[in-house]
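**Student:** Would you mind keeping the following structure in view while I ask a few things?
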Amino acid sequence: MSLKSWLKHAFAVDTDTAPPTEEELVLVERLCQEVVRRHMTLPAVTLLQSARPLNYLGSQLMQFFLPFVSAVTNADEYAIMAKFLERRDSVDILCDTLERLDGQAEQRKKDNTASASEESA
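Residue numbering for the sequence shown follows numbering that gives the first Met the number 0, starting at 0 and increasing by one per position.
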């Protein structure tokens with residue numbers, strides 16, 4: 000192998016990962032529904048995108064605090080989320096889910112507004 004070809008792939012990161020588990024997807028869906036319900040989609044997506052380089056570090060910090068957090072919350076779900084955040088594509092999955100749920104909420108709002116205006120007419 001030549002030096003040029005070695006340098007070309009010296010810092011390559013393997014992106015072939017298994018798809019998220021069903022538990023992870025359910026937990027992500029529930030978390031994103033809460034964010035959308037509170038109308039915090041835009042700040043959440045902005046925070047996720049800006050903190051993308053610290054994604055793995057954040058997941059390791061969550062693992063560190065697991066013994067303390069388990070005293071006040073569901074440790075199993077917390078551990079699942081910490082493991083999920085170790086994935087390189089976790090930010091993309093979270094942002095896509097947030098945007099999809101926000102779009103659905105906006106569509107329901109438009110439908111409700113349209114049906115309310117039809118009933119009043």
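Just so it is clear, CB atoms sit at the ideal spot from N, CA and C, and this is done for glycine as well.
None of these values were measured; they are calculated from a predicted model.
How far does the alpha helix (DSSP H) with residue 51 in it reach, from first residue to last?
**Tutor:** First-last for residue 51: undefined, no H or E at that position.
**Student:** Using the three-state DSSP reduction, which class does residue 36 fall into: helix, strand or coil?
**Tutor:** Helix at residue 36.
**Student:** Could you check where the alpha helix (DSSP H) with residue 90 kicks off and where it finishes?
**Tutor:** Looking at the DSSP string, the run of the alpha helix (DSSP H) that includes residue 90 is 89 to 119.
**Student:** Is residue 71 buried or exposed, if buried means 16 or more other CB atoms sit within 10 Å of its CB?
**Tutor:** The residue in question, residue 71, is exposed, as its Cβ has fewer than 16 Cβ neighbours within 10 Å.
**Student:** Tell me which residues share the same chain as residue 19 and place their Cβ nearer than 6 Å to its Cβ, disregarding the 5 neighbours each side in the sequence.
**Tutor:** Closer than 6 Å at Cβ, skipping near neighbours: no residue.
**Student:** Within 10 angstroms of the Cβ of residue 112, are there 16 or more other Cβ atoms? Answer buried if so, exposed if not.
**Tutor:** Its Cβ having fewer than 16 others within 10 Å, residue 112 is exposed.
**Student:** Where do the N-terminal and C-terminal ends of the alpha helix (DSSP H) with residue 129 fall, by residue?
**Tutor:** Residue 129 is absent from the structure shown; the chain starts at 0 and stops at 120.
**Student:** Please report how far the alpha carbon of residue 56 lies from the alpha carbon of residue 102, in whole angstroms.
**Tutor:** If you take the alpha carbons of residue 56 and residue 102, they lie about 30 Å apart.
**Student:** Pull up the distance between the alpha-carbon of residue 99 and that of residue 77, whole angstroms please.
**Tutor:** Rounded to the nearest angstrom, the two C-alpha atoms are 23 Å apart.
**Student:** Within the chosen definition, does the region 23 to 40 reach the region 77 to 97 through at least 3 CB pairs nearer than 8 Å?
**Tutor:** The answer is yes - the region 77 to 97 touches the region 23 to 40, with three or more Cβ pairs under 8 Å.
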